[in-house]
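Engineer: So the protein lines, in turn, are chains A and B.
Just so we're on the same page, our numbering is the position in the first sequence counted from 1, plus 1.
Just so we're on the same page, our numbering is the position in the second sequence counted from 1, plus 14.
Glycine residues also receive a C-beta, built at the ideal position from the N, C-alpha and C atoms.
On a predicted model such as this, the values are computed, not experimentally measured, just so you know.
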Amino acid sequence: MSVQARPAIPRSWRPETKPHKFCPGCGHGLILKALGMAVDELDLQDRLIFACDIGCSLLAWDFFNIDSIHTHHGRTLPVLTGLKRVRPELIVVAYMGDGGAYAIGAQHLVNAAARNEFLTVIVANNSLYAMTGGQMAPTTLPGQKTETTPYGREVKAAGAPVLGPELVDSIAPTGAYIARGTVASMIQLKNFIKKALVHQIEGKGFSFVESLSTCPTNWRTNAAETWHFLEKEMSGYFKVGEIRQ
Amino acid sequence: MAERPLTGERRAFMAGNEVLAWATLAAGADVMYGYPITPQNELMHYWTRLAHRFGREFLQTEDELSAGFATIGGVLAGKKAFTATAGPGNVLMQEPLSMAEMMRLPVVVIVAQRGGPSTGTVIYSQQELNLTCFGGNGEGFRVVYSTSSHQELFEYTLKAFNIAWKYRFPTFILGDGYQSKMYEPIILFDPEERGWEMVPARPLLGLPGRPGEEREPVHLRNTFNLEEELYEVVMAAAGDYARAAADLAEYVTFRADDCELLIVAHGVVARAALAAVKILRQQGLKAGYFRPITLRPLAEKELREAAGGARLILVAESAYGQLERLIKPSLYGLEQPVHGYFRPGLGITPEEIAAEAAKILNSAGYGL
Ligand SMILES: Cc1ncc(C[n+]2csc(CCOP(=O)(O)OP(=O)(O)O)c2C)c(N)n1
Ligand code: SF4
Chain A
2 MSVQARPAIP RSWRPETKPH KFCPGCGHGL ILKALGMAVD ELDLQDRLIF ACDIGCSLLA
62 WDFFNIDSIH THHGRTLPVL TGLKRVRPEL IVVAYMGDGG AYAIGAQHLV NAAARNEFLT
122 VIVANNSLYA MTGGQMAPTT LPGQKTETTP YGREVKAAGA PVLGPELVDS IAPTGAYIAR
182 GTVASMIQLK NFIKKALVHQ IEGKGFSFVE SLSTCPTNWR TNAAETWHFL EKEMSGYFKV
242 GEIRQ
Chain B
15 MAERPLTGER RAFMAGNEVL AWATLAAGAD VMYGYPITPQ NELMHYWTRL AHRFGREFLQ
75 TEDELSAGFA TIGGVLAGKK AFTATAGPGN VLMQEPLSMA EMMRLPVVVI VAQRGGPSTG
135 TVIYSQQELN LTCFGGNGEG FRVVYSTSSH QELFEYTLKA FNIAWKYRFP TFILGDGYQS
195 KMYEPIILFD PEERGWEMVP ARPLLGLPGR PGEEREPVHL RNTFNLEEEL YEVVMAAAGD
255 YARAAADLAE YVTFRADDCE LLIVAHGVVA RAALAAVKIL RQQGLKAGYF RPITLRPLAE
315 KELREAAGGA RLILVAESAY GQLERLIKPS LYGLEQPVHG YFRPGLGITP EEIAAEAAKI
375 LNSAGYGL
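Now the structure itself:
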């Protein structure tokens, strides 16, 4: 009996650019692993366009053996909208942070969802602005300390954390796919992303997956604390699961 | 294949915005992404009706940021994509345009200049010169045509798509509310029937073949780890721009060879300047004019030559010295004084320019 070895990395990854550029313990690499597995399983490598936002997501610009583009902070959805509208045969994936998706690019998210654009959006929710050094994001938890909320986020002054998938759910017409996964549950995350891609392939509408992610560098946490923050604090506030199938 | 929008020559009397819709169609534009703003609205209105007939696409986006970035997406997809905007929309458009400039993406943008920061005055203005030429966080590697008649709106729009796709610099038609709304006779034509060679669009992403196996993946990058990497990219663009400048720069002169006073104007104001020269010549005053058609790149050498032959220079514009600032480096070292006739947000008549010119000439002791 022979055991088929699993490939160490997804086929759609670009080995020449590995090891990747994210910090040790970062969730971005895991989300991109889930995406890579979904792309492999659907055999999409030759018709996928991967677009990354500005934030730590930008470090993924040469991550895949897939045609890829860097956009501007928050502007990934309009770029892909413009592309997909005239090349509907391509499958397009926007990869962005919570700041890009829910703050500076919020108007694009709201309107792309409302128009049910045939895009797949993957948002890494790490509860802060990582690339710029750990400032508050729309998703920063109440009481969470960041560089711009050094005494903890006060909901009265800075608002409550944005629930991205729930926001999209309130806007997107029938046909959209919406889920929240987490890097703590990789097979589930891969399946959500895969379903989102299938949704786009089948022309059903907008597809949106937020993934809870880790940023030990800006959280200033060790491995155990990182895991605790992800699994207890974040998952307590942001409910993991499918919101719309 | 949808029918061609134009065959043979079509004589028409139409508003500038309608001319622009026919021009973009005839140029082979595949898609317009836009957001409503006066005075370009009717371009969008004509486009939505005509695009439908000729198998082209349109999307009304949520704002100009989105319209500009979607235009970038269309271009990446390998389609001739364009947008049109004005005033505060042009301000928002500068973010996507900075990306297009940096990444050498051939977007075409039609700007109908208007006055005022947000709303209201929408007819006379040349106050978007700075913004259109140099608006981004970049170096202004752009091609900007300042048109002054409907025939030019039509022909330079055809040309803009060719120039954008050939040289890969964002390319602009800089008009204004007056040109957009005014009616004028025009001859519309299909450029290929006239023997124009139309530069095809080609995809920059989504190429055939399995990336990483049958071909290298396309990884288009716009952020850099090292200052030196960015420097290389900018310097390569600077070199390309400098080499293309001689091909790209366009201008017109009238009676500039023997003039004492050279009037410099662009866009619709250049029409008044040309008429003013004729009035002044009838009065026995030796006036001439120089009109840059491309504001970027500028025909610097020719402008300097024309200015060097005159004694006085008068810059007339519906802005407070934006054209004057643009041309002054080309005149550096010349002794001729430069006078400004600045009417920000106002129309300018030939009589006004002629009166100003006569005043300057007389007070300097030339002419009469
Ligand atoms: C228009 C603009 N404003 C600000 C920035 C600076 N900036 C770069 S990344 C970033 C935040 C990134 O946070 P997020 O989107 O949550 O992604 P993360 O880095 O956490 O993955 C900001 C504000 C920018 N690049 N562009
Ligand atoms: S700063 Fe945070 S989000 Fe960015 S790569 Fe490092 S761990 Fe990941």
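Name, please, each residue of chain B whose Cβ falls closer than 9 Å to the Cβ of A:His109.
Structural biologist: Within chain B, the residues near A:His109 are Thr75, Glu76, Asp77, Leu79, Ser80, Phe83.
Engineer: Please report the residue range of the beta strand (DSSP E) in which B:Tyr5 lies.
Structural biologist: One cannot answer for residue 5 of chain B here, as it falls past the ends of chain B, which runs 15 to 382.
Engineer: Does ligand 2 have even one heavy atom less than 8 Å from the beta-carbon of A:Leu31?
Structural biologist: No, the Cβ of A:Leu31 stays beyond 8 Å of every heavy atom of ligand 2.
Engineer: Is the beta carbon of A:Phe23 within less than 8 Å of some heavy atom of ligand 2?
Structural biologist: Checking the Cβ of A:Phe23 against ligand 2 gives yes.
Engineer: Can you tell me whether A:Val156 is buried or exposed, with buried defined as 16 or more other CB within 10 angstroms of its CB?
Structural biologist: By the neighbour-count rule (16 or more Cβ atoms within 10 Å), A:Val156 is not buried but exposed.
Engineer: Any contact of the region 62-80 of chain B with the region 111-122 of chain B, i.e. 3+ C-beta pairs under 8 Å?
Structural biologist: Output reads no: the region 111-122 of chain B does not touch the region 62-80 of chain B.
Engineer: Ordered along the chain, which non-local residues of its own chain (more than five positions away) have a Cβ less than 6 Å from that of A:His109?
Structural biologist: These residues qualify, in order along the chain: Leu78, Pro79.
Engineer: Using alpha carbons as the reference points, say which of A:Ala225, A:Thr227, A:Leu120, A:Pro162 lies closest to A:Arg88.
Structural biologist: That would be A:Leu120, whose Cα lies nearest to the Cα of A:Arg88.
Engineer: Just mark B:Arg63 as buried or exposed, buried being the case when its beta carbon has 16 or more other beta carbons within 10 Å.
Structural biologist: Exposed.
Engineer: Using the three-state DSSP reduction, which class does A:Met2 fall into: helix, strand or coil?
Structural biologist: Because A:Met2 carries a pLDDT of 48, less than 50, the predicted location of this residue cannot be relied on, and the following value inherits that uncertainty. Of the three classes helix, strand and coil, the one that applies to A:Met2 here is coil, per DSSP.
Engineer: Which of the three DSSP states is assigned to B:Leu337 in this structure?
Structural biologist: Helix, per DSSP.
Engineer: Taking the beta strand (DSSP E) that A:Gln248 falls in, what are its first and last residues?
Structural biologist: Given that chain A is displayed from residue 2 to residue 246, the structure contains no residue 248 of chain A and the question cannot be resolved.
Engineer: Within 9 Å of any Cβ in chain A, is that where the Cβ of B:Val232 sits?
Structural biologist: Yes, contact with chain A.
Engineer: Using the C-alpha atoms, what's the distance from B:Thr267 back to B:Pro217?
Structural biologist: For B:Pro217 and B:Thr267, the distance between alpha carbons rounds to 39 Å.
Engineer: Quick check on B:Leu188: buried or exposed, where buried means 16 or more other Cβ atoms within 10 Å of its Cβ?
Structural biologist: Buried.
Engineer: CB of A:Pro217 to nearest heavy atom of ligand 2: below 8 Å?
Structural biologist: Because some heavy atom of ligand 2 lies under 8 Å away, the Cβ of A:Pro217 counts as near it: yes.
Engineer: On the DSSP letters alone, give me the boundaries of the beta strand (DSSP E) that B:Gln127 sits inside.
Structural biologist: 122-127 is the span of the beta strand (DSSP E), which, as asked, contains B:Gln127.
Engineer: Leaving out the 5 sequence neighbours to the left and right, which residues in its chain are closer than 6 Å to B:Asn104 when beta-carbon positions are compared?
Structural biologist: Cβ neighbours of B:Asn104 beyond the five flanking positions: Val125, Glu142, Leu145.
Engineer: Give me the chain B residues within the contact set of A:Arg245, using Cβ-Cβ distance strictly less than 7 Å, ordered along the chain.
Structural biologist: The contacting residues do not exist; A:Arg245 stays about 22 Å from chain B at best.
Engineer: Thinking just about the alpha-carbon of each residue, which of A:Gly135, A:Val169, A:Ala173, A:Pro166 is nearest to the one in A:Gly153?
Structural biologist: Checked all of A:Gly135, A:Val169, A:Ala173, A:Pro166; the closest Cα to A:Gly153 is A:Gly135.
Engineer: Measure the alpha-carbon distance for B:Glu242 versus B:Val248 and round it to whole angstroms.
Structural biologist: Approximately 10 Å between the Cα atoms of the pair.
Engineer: Residues of the region 40-53 of chain B with a CB closer than 7 Å to any CB of chain A: list them in chain order, please.
Structural biologist: So the list reads Asp44, Val45, Tyr47, given in the order they occur along the chain.
Engineer: Determine, for A:Trp62, whether the minimum Cβ-Cβ distance to residues of chain B falls below 9 Å.
Structural biologist: Output row for A:Trp62: interface = yes.
Engineer: Classify A:Ile92 as helix, strand or coil using the three-state DSSP reduction.
Structural biologist: Three-state DSSP puts A:Ile92 in a strand.
Engineer: Using a cut-off of 9 Å between C-beta atoms, extract the partners of A:Thr82 located in chain B.
Structural biologist: Going along chain B in sequence order, the residues near A:Thr82 (Cβ under 9 Å) are Tyr47, Leu73, Thr75, Ser80, Phe83, Ala84, Gly87.
Engineer: Please state whether DSSP places B:Asn55 in a helix, a strand or coil.
Structural biologist: Reduced to three states, the DSSP call for B:Asn55 is helix.
Engineer: Looking at ligand 2, does it come within less than 8 Å of A:Leu60, judged from the CB to the closest heavy atom?
Structural biologist: Under cutoff, so the answer is yes.
Engineer: Against chain B, does A:Ile70 count as a neighbour if the rule is that its beta carbon must be under 9 Å from one of theirs?
Structural biologist: Chain B, which has a Cβ nearer than 9 Å to the Cβ of A:Ile70, makes this yes.
Engineer: Under 8 Å Cβ to Cβ from B:Gly191, same chain only, skipping five residues before and after it: list those, please.
Structural biologist: Counting only Cβ-Cβ distances below 8 Å, and skipping sequence neighbours, we find Thr52, Pro53, Ala100, Ala126, Gln127, Arg128, Val136, Ile137, Tyr138, Ser139.
Engineer: Only counting the same chain, and skipping five residues up and downstream in sequence, which positions put a Cβ closer than 6 Å to that of B:Ser132?
Structural biologist: If we look at B:Ser132 and ignore the five residues flanking it on each side, its Cβ neighbours are Pro102.
Engineer: Kindly indicate which three-state DSSP category B:Gly189 falls into: helix, strand or coil?
Structural biologist: Three-state DSSP puts B:Gly189 in a strand.
Engineer: Is it true that the region 323-337 of chain B meets the region 347-367 of chain B, where meeting means three or more beta-carbon pairs spaced less than 8 Å apart?
Structural biologist: As far as the Cβ criterion goes, the region 323-337 of chain B touches the region 347-367 of chain B, which means the pair count is three or higher.
Engineer: Given a cut-off of 9 Å, decide if B:Ile177 and B:Phe416 are closer than it, judged by their beta-carbon atoms.
Structural biologist: Only positions 15 to 382 of chain B appear in the structure, and residue 416 of chain B is not among them; the question remains open.
Engineer: Taking Cβ positions only, does A:Ser171 come closer than 9 Å to chain B?
Structural biologist: Cβ-Cβ to chain B under 9 Å: no for A:Ser171.
Engineer: Is it the case that the Cβ atoms of B:Gly92 and B:Leu73 are separated by a distance below 9 Å?
Structural biologist: Cβ atoms of B:Gly92 and B:Leu73: not closer than 9 Å.
Engineer: A:Ser69 to B:Glu115, Cα distance in whole Å?
Structural biologist: Their Cα atoms are separated by approximately 18 Å.
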